[in-house]
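Chains as they are written, first to last, in my numbering: chain A, 886 to 1227; chain B, 886 to 1227; chain C, 886 to 1227. Here a beta-carbon is modelled for each residue, glycine too, at the ideal position from N, C-alpha and C. Beneath this line is the structure, given in structure tokens, with notes to follow.
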Amino acid sequence: MKIKLKKIAELIAGTVHGNEDVNISGVNSLDTAKPGEISFFADRRFKESLGITRASALIVSEINSIFKGPQVVVSNPGLAYARVAGLFSPPVPKHDGVSGLAVIHESSRTGKNVSIYPGVYIGKDCSVGDDSVLFPGVFIGDRVRIGRNTVIYPNVTVLQDCLIGNSVIIHSGTVIGSDGFGFVRDGAESVKVPQLGIVQIDDNVEIGANNCIDRAALGKTWIKSGVKTDNLVQIAHNVVIGENTIIVAQAGISGSVHVGREVIIGGQVGISDHVEIGDRVMIGSQSGVAKSVSPGDVVSGCPAMPHRLWLKTSGLITRMPQLNERLRNCERCIEELEKKLA
Amino acid sequence: MKIKLKKIAELIAGTVHGNEDVNISGVNSLDTAKPGEISFFADRRFKESLGITRASALIVSEINSIFKGPQVVVSNPGLAYARVAGLFSPPVPKHDGVSGLAVIHESSRTGKNVSIYPGVYIGKDCSVGDDSVLFPGVFIGDRVRIGRNTVIYPNVTVLQDCLIGNSVIIHSGTVIGSDGFGFVRDGAESVKVPQLGIVQIDDNVEIGANNCIDRAALGKTWIKSGVKTDNLVQIAHNVVIGENTIIVAQAGISGSVHVGREVIIGGQVGISDHVEIGDRVMIGSQSGVAKSVSPGDVVSGCPAMPHRLWLKTSGLITRMPQLNERLRNCERCIEELEKKLA
Amino acid sequence: MKIKLKKIAELIAGTVHGNEDVNISGVNSLDTAKPGEISFFADRRFKESLGITRASALIVSEINSIFKGPQVVVSNPGLAYARVAGLFSPPVPKHDGVSGLAVIHESSRTGKNVSIYPGVYIGKDCSVGDDSVLFPGVFIGDRVRIGRNTVIYPNVTVLQDCLIGNSVIIHSGTVIGSDGFGFVRDGAESVKVPQLGIVQIDDNVEIGANNCIDRAALGKTWIKSGVKTDNLVQIAHNVVIGENTIIVAQAGISGSVHVGREVIIGGQVGISDHVEIGDRVMIGSQSGVAKSVSPGDVVSGCPAMPHRLWLKTSGLITRMPQLNERLRNCERCIEELEKKLA
Chain A
886 MKIKLKKIAE LIAGTVHGNE DVNISGVNSL DTAKPGEISF FADRRFKESL GITRASALIV
946 SEINSIFKGP QVVVSNPGLA YARVAGLFSP PVPKHDGVSG LAVIHESSRT GKNVSIYPGV
1006 YIGKDCSVGD DSVLFPGVFI GDRVRIGRNT VIYPNVTVLQ DCLIGNSVII HSGTVIGSDG
1066 FGFVRDGAES VKVPQLGIVQ IDDNVEIGAN NCIDRAALGK TWIKSGVKTD NLVQIAHNVV
1126 IGENTIIVAQ AGISGSVHVG REVIIGGQVG ISDHVEIGDR VMIGSQSGVA KSVSPGDVVS
1186 GCPAMPHRLW LKTSGLITRM PQLNERLRNC ERCIEELEKK LA
Chain B
886 MKIKLKKIAE LIAGTVHGNE DVNISGVNSL DTAKPGEISF FADRRFKESL GITRASALIV
946 SEINSIFKGP QVVVSNPGLA YARVAGLFSP PVPKHDGVSG LAVIHESSRT GKNVSIYPGV
1006 YIGKDCSVGD DSVLFPGVFI GDRVRIGRNT VIYPNVTVLQ DCLIGNSVII HSGTVIGSDG
1066 FGFVRDGAES VKVPQLGIVQ IDDNVEIGAN NCIDRAALGK TWIKSGVKTD NLVQIAHNVV
1126 IGENTIIVAQ AGISGSVHVG REVIIGGQVG ISDHVEIGDR VMIGSQSGVA KSVSPGDVVS
1186 GCPAMPHRLW LKTSGLITRM PQLNERLRNC ERCIEELEKK LA
Chain C
886 MKIKLKKIAE LIAGTVHGNE DVNISGVNSL DTAKPGEISF FADRRFKESL GITRASALIV
946 SEINSIFKGP QVVVSNPGLA YARVAGLFSP PVPKHDGVSG LAVIHESSRT GKNVSIYPGV
1006 YIGKDCSVGD DSVLFPGVFI GDRVRIGRNT VIYPNVTVLQ DCLIGNSVII HSGTVIGSDG
1066 FGFVRDGAES VKVPQLGIVQ IDDNVEIGAN NCIDRAALGK TWIKSGVKTD NLVQIAHNVV
1126 IGENTIIVAQ AGISGSVHVG REVIIGGQVG ISDHVEIGDR VMIGSQSGVA KSVSPGDVVS
1186 GCPAMPHRLW LKTSGLITRM PQLNERLRNC ERCIEELEKK LA
């Protein structure tokens, strides 16, 4: 596929400096671009690559004099790159219609233009919306509803009664709707608290690989629209994740935590149960959050503290042997002073 | 399904105050209960909900005057709730018998009333006990024995020779019996140490989603009866987990660790290899345990320390910049004192 | 199977002291060995077991006088054990040829002596090399190439265009080639950056269970030969892992990190994006690595610091209440000294 640079510039509302009739056949990084490909320059760390790139055009935030080919100026080159890469991105590979080797209960309905691969299992009274794709090994429990244009990758499990919205992507190995971890002690033994709720995933959510999102004890665990999770994320029962929040790999959110909208939760973060995380909070990677965090706050560390405090504190942690030595020195000096005064 | 309050009170050994002939059709939280449902009140934080709940009856530890309907008094409302919720919990959805779309080696035996879904694979010389359920995508390796009344959810892998007890629940995506992580260096290269042992899971164990429980190098990795694990838990080769121990999400237990009975291991905890964790120990979330812990101890932090010490220490960590400032101040004062005395 | 001790000694270049004609039928630990089995003694902690073991022969680094049977002296008993255990290790259980219940696109090729179980799915234009084994529930996307003698355990997902080398082992539930976690903010919303690259796994790599290895945004995520990963490991897009590096369970490597060769990354370690980890670095478990680490360095802690410093620092962390008390004491003494001098 070849697209004229002019067309690309229109898509990203950019201004072309140079030949706008160049044909572009793909995107690539500065270092690895071949003739015919477009690249982008947004990070000054890669300035050296500008002189040697073989790309046929560049997306930039401002014209530079090192690159000699045509340049498209935009306000946000990263965002523009994402949109241009989308043009050249291969479509999700589809099975042609509903495979005869899928097992679908007769009470379930599939929409127009769905792609259901061999080895899919769909239980009773389910619905799968138009244009959705279910890959091999996907299990869909009874009464699950899946919206339009949703892609569920291989070996994903969605258990009974869960709701999956439109334009959702769920990556391989993820489990939606397993039982929340609820037990009550009866002497030494643990009695299971039945997990009677569901998981609801709203539109435009993307869930990474090998995530676990547990069904609610009662009511619903709720992933609101636009949320993106990385791989190996744990979301416990009755958690609510607000719109457009981002959760990086291996983070764990305990039961009944409410996370606001547009929050960023770093990798390997742990959040204790029943905590409230306000809108637009940022939580640094590996933090341990045991208390609620106010909207807009930036926290880090274990225990989590204001990020600026963590920067000071973590620097001091590595200097603790010196602190200890200085303290010992003070003690010695004081002893001598006391002797002199006695 | 409707059950008279009187019947429910009998099940949980409670005393009814008010109309014991009310029909109950379900359980719910105070806030979301509809007429006909029973709720429970155990946590004073939710006192405000008592006045507005639409529940038709309550389980309580002591009579309160705000709620006007019938109340069932029990010593442990949480436990009573779990038992009542069990009455209304839908049964595990079963496939009717052994699916013709499952692949089961002719040498393997299945008990009475088993439910084996399409897409299950069972190897040679296996046995599956009465009333057990195997969901689609479950792989059972050669010579695996599975007890009675056990449920294995979709896409679980149980590798050769492992033993699964009675009334066990294994959630989706979990892997039982993959090779332990054992290598010996030969120069720069790692030579694999064959993992010749098995995993044994005893009765009444519940394993969360996407867990990994590795087979022993020799002998067995052993999960004793009543153990409950949350999601994404790692249990390495030759680990022994004692009866009724609870392991919260994303915890990792290294090779040959012995964990006692009724231990509680918090989320994202790491335990180093060959460590002994005594009976009834509690380990706070995100702790790093590198040394053995005596029975009954409560530890937290990284490095793990007595929990009370960790509370003090973690408070001081956030005040390290002040400590540093105070130390600097001492140094200055001492210098001045020394000058004066000179 | 029985093998004469003499043969075993030859395999491991050891010297037999005692009867070299003993028949050996298996390996076991000192404590659990039965007559006919060989064991090994390398760790002085297990010295007590020497007197009571029922093993018929021992592999040792030097002759000991407690064990009365034949002993094979080698320079590295651990390595020798691994090789001898390999003799008695059962082969990977194979399905006889290509199952008629596997779904394989007609454009894909499988080599000689492959074992493809029922329930495998292989897309278009793939190749599977001689002697490789694909277990049930394995998904192979379009254009994937798999080398010779490679074993892919149940319910593994390998997505389109990825390259898997020779003699690779991938344990159950692992996902290779899911999309890297790349988004660009457009106001509150996250726009997906298409992930156009692949994952390349070189020869002799072993990947643990439930790992996630994401495809590159552009180019490749690259796991070089001899790398071994434990379970639940996260490897993000564009990461490069050098030859023979070892990654312990639940570690997470962020995007574009370059890890050198023969590195050891401990359990639950987190490494921030774009960091460089030099050859032969060792990173202690649970460390948080936010900066590049020079070749040969040993680091621990969060923030990661030289391991020796971490040993001191972590010791001082548990003594922070005393440090605080000592500091308070200094302040009091200084105040008194100042009063006296005034």
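Which listed residue (the options) has its alpha carbon closest to that of residue i
i, options, result
"residue 1122 (chain C)", "C:1206, C:1109, C:1100 and C:1132", "C:1100"
"residue 1025 (chain C)", "C:915, C:1105, C:1155 and C:1011", "C:1011"
"residue 998 (chain B)", "B:1013, B:959, B:1213 and B:1007", "B:1013"
"residue 1042 (chain C)", "A:1038, A:993 and A:1044", "A:1038"
"residue 1027 (chain A)", "B:949, B:975, B:1115 and B:920", "B:975"
"residue 970 (chain A)", "A:1203, A:897 and A:1082", "A:897"
"residue 1036 (chain C)", "C:1045, C:1015 and C:911", "C:1015"
"residue 984 (chain C)", "C:1004, C:925 and C:943", "C:1004"
"residue 1074 (chain B)", "C:926, C:918, C:972 and C:1165", "C:1165"
"residue 988 (chain B)", "C:995, C:996, C:1162 and C:1002", "C:1002"
"residue 1065 (chain C)", "C:1224, C:904, C:1119 and C:1006", "C:1119"
"residue 1051 (chain C)", "C:1211, C:1095, C:996 and C:1060", "C:996"
"residue 905 (chain B)", "B:1182, B:1125 and B:942", "B:942"
"residue 1157 (chain B)", "C:1087, C:1152 and C:1157", "C:1152"
"residue 972 (chain C)", "B:1078, B:1212, B:1209 and B:1107", "B:1078"
"residue 1072 (chain C)", "A:1183, A:1111, A:1022 and A:1049", "A:1111"
Test item: CB-CB of residue i and residue j under 8 Å
i, j, result
"residue 913 (chain C)", "residue 922 (chain C)", "yes"
"residue 1168 (chain A)", "residue 1174 (chain A)", "yes"
"residue 1057 (chain B)", "residue 1063 (chain A)", "yes"
"residue 915 (chain B)", "residue 890 (chain B)", "no"
"residue 962 (chain B)", "residue 1203 (chain C)", "no"
"residue 875 (chain A)", "residue 978 (chain A)", "Outside the displayed range of chain A (886 to 1227) lies residue 875 (chain A), so it cannot be described from this structure."
"residue 887 (chain B)", "residue 910 (chain B)", "yes"
"residue 1172 (chain C)", "residue 1186 (chain C)", "yes"
"residue 1097 (chain B)", "residue 1040 (chain C)", "no"
"residue 1109 (chain A)", "residue 1083 (chain A)", "no"
"residue 959 (chain A)", "residue 899 (chain A)", "yes"
"residue 965 (chain A)", "residue 925 (chain A)", "yes"
"residue 1113 (chain A)", "residue 1128 (chain A)", "no"
"residue 1226 (chain C)", "residue 1196 (chain B)", "no"
"residue 1067 (chain C)", "residue 1085 (chain C)", "no"
"residue 1018 (chain A)", "residue 1032 (chain A)", "no"
"residue 1046 (chain B)", "residue 1069 (chain B)", "no"
"residue 894 (chain B)", "residue 918 (chain B)", "no"
Which of helix, strand or coil DSSP assigns to residue i
i, result
"residue 1085 (chain B)", "strand"
"residue 1220 (chain B)", "helix"
"residue 966 (chain B)", "helix"
"residue 973 (chain C)", "helix"
"residue 1198 (chain B)", "helix"
"residue 886 (chain C)", "coil"
"residue 891 (chain C)", "helix"
"residue 1020 (chain C)", "coil"
"residue 1213 (chain C)", "helix"
"residue 1119 (chain C)", "strand"
"residue 1048 (chain C)", "strand"
Under 7 Å from the C-beta of residue i: neighbouring residues of chain F
i, result
"residue 892 (chain C)", "Reference to chain F is not applicable here, since the protein chains of this structure are A, B and C."
Identified DSSP bridge partners for residue i
i, result
"residue 942 (chain C)", "C:923"
"residue 1006 (chain B)", "B:988 and B:1024"
"residue 1190 (chain C)", "C:1185"
"residue 1105 (chain A)", "A:1083"
"residue 908 (chain A)", "A:889"
Residue i: CB within 7 Å of a non-hydrogen atom of the ligand ZN
i, result
"residue 949 (chain A)", "The model on display carries no ligand, and the ligand ZN is accordingly not part of it."
Using 8 Å as the Cβ pair cut-off and three pairs as the minimum, do the segment 1116-1135 of chain C and the segment 1144-1151 of chain A touch?
no
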